[in-house]
Every structure is written in C-alpha cells, then in structure tokens.
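First comes the structure, then the notes that go with it.
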C-alpha cells in the first residue's frame with residue numbers, strides 16, 4: 182500500500198492533482214477539508230470543535 186499526502190496552501194492545486202492521481206491510478210482520495218465540512222454540517226461533536234478552530238483562522242489539531 183502506498184500513502185500519498187499533498188501539501189500546499191489554499192488554491193495551490195492539491196485537489197486538481199489529487200483528482201488526476203485518482204483517475205490515472207485508481208486511488209482513493211480522502212480530503213480532510215471535505216471530512217470537516219461534513220462533520221460541521223452534521224453538527225457532530227467533532228464538527229463543533231473543528232468549527233471553533235476554523236472560525237478563529239486556526240488549523241484543526243490532531
């Protein structure tokens with residue numbers, strides 16, 4: 182199994198590159214941003230905590 186992590190600031194093309202890798206190599210794409218948006222939208226305990234950090238412009242810790 183190979184794990185790939187794409188780092189970069191917002192708008193740098195991480196999602197675009199991930200999409201290309203998924204298509205070419207049939208990988209599974211997991212986006213932490215998508216996961217957090219889902220949790221925030223569902224108002225789960227994790228989503229509530231994440232929203233507080235994001236609202237302050239901070240990174241959500243591990």
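Numbering (the working numbering), first residue to last: 182 to 243. We put the CB at the ideal spot given by N, CA and C, even for glycine.
As assigned by DSSP and simplified to three states, the class of residue i
i	result
residue 237	coil
residue 221	helix
residue 242	coil
residue 191	coil
Residue span of the alpha helix (DSSP H) that contains residue i, given as start and end
i	result
residue 196	195-206
Beta carbon of residue i nearer than 8 angstroms to that of residue j
i	j	result
residue 290	residue 207	What is shown of the chain runs 182 to 243, which leaves residue 290 out entirely.
residue 214	residue 220	no
residue 186	residue 217	no
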